[in-house]
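See below for the structure under consideration.
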Amino acid sequence: MAGGRWRDLKIFIVGNTSSLIRPVKEFSVMSVVFPRTCYKCGQVGHFADACQETERLCYNCKQPGHESGECPEPKQTTQKQCYNCKQTGHVQSECSEPLRPVSKCYNCGKIGHLAKGCSAARGGPKVTCHKCGGLNHFARDCQSGVVKCYACGKTGHISKDCTSASGGSNFSAKTCYKCGESGHISKFCEMESE
821 MAGGRWRDLK IFIVGNTSSL IRPVKEFSVM SVVFPRTCYK CGQVGHFADA CQETERLCYN
881 CKQPGHESGE CPEPKQTTQK QCYNCKQTGH VQSECSEPLR PVSKCYNCGK IGHLAKGCSA
941 ARGGPKVTCH KCGGLNHFAR DCQSGVVKCY ACGKTGHISK DCTSASGGSN FSAKTCYKCG
1001 ESGHISKFCE MESE
């Protein structure tokens, strides 16, 4: 549900003659693999607003008047879908297939570990240290004794001490935001505040 944007998605229900074309919220991969069921009757293939049942039915015995937690009938799994092998007729706890790892890393996309334990480089923009210019660490974590200037990009000094046109003590290149004159910045402006 990325941002809750609406899209027109064509949904075809396997094993059902009806196909739905309606706007639905974006959904995760899990909801495609394991389609959501109607919360009134417990069947896959439609949503509650299209359900023909007048009362909410027990997901186990399909009878009105109680919910599956209080069902007097033995637990039925014939309509259930296994989260492990994706077949119907049983649930994961009764699956004969070897248990598949379900954790997917959001960093590298591989199954079997989570992003916090991923050894691959993190996705997105690379982190650059503003102190030494090195990759994959922040200035606060920098072990280097070398410093790097933000303004000119050279090592050996920091931006407040930079003498290049874009940095530090070279006030002639700076323009005051208060008075608009060059040679000083607003912090040192002698013009009175209005």
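Per this note's numbering, residue 821 is the first one in the sequence shown, and the count goes up by one each step. We put the CB at the ideal spot given by N, CA and C, even for glycine.
Rounding to the nearest angstrom, what Cα-Cα distance links residue i and residue j in this structure?
i     : j     : result
G889  : Q863  : 17 Å
Y1011 : A971  : For the record, residue 1011 in the displayed sequence is Met; it is not Tyr. Looking at the two C-alpha atoms, the distance is approximately 27 Å.
G929  : C982  : 43 Å
S939  : G954  : 19 Å
P884  : E893  : 13 Å
E887  : E914  : 22 Å
N904  : I931  : 14 Å
V967  : S984  : 16 Å
H910  : G937  : 32 Å
K951  : C1009 : 30 Å
P918  : Q912  : 10 Å
I978  : H933  : 41 Å
T975  : A935  : 34 Å
F867  : K882  : 16 Å
S916  : C962  : 51 Å
D869  : K906  : 26 Å
R796  : C861  : The displayed coordinates of the chain run from 821 to 1014. Any statement about residue 796 would go beyond what the structure contains.
R920  : G973  : 49 Å
Return the bridge partner residues of residue i from the DSSP annotation.
i     : result
P884  : L877
I931  : K924
T983  : Partner(s): none; T983 has no beta bridge.
Q901  : T908
K968  : T975
S939  : Paired residue(s): none; S939 is not in a bridge.
L955  : T948
S1006 : None; S1006 has no bridge partner.
Would residue i be called buried (16 or more neighbouring beta carbons within 10 Å of its own) or exposed?
i     : result
Q901  : buried
C999  : exposed
Y859  : exposed
S1002 : exposed
G965  : exposed
K980  : exposed
G865  : buried
K1007 : exposed
K994  : buried
Since residue i and residue j should fall inside the 8 Å C-beta cutoff, what is the C-beta to C-beta distance between them, to a whole number of angstroms?
i    : j    : result
N880 : C891 : 4 Å
A959 : C969 : 12 Å between Cβ atoms; not a contact.
T908 : Q899 : 7 Å
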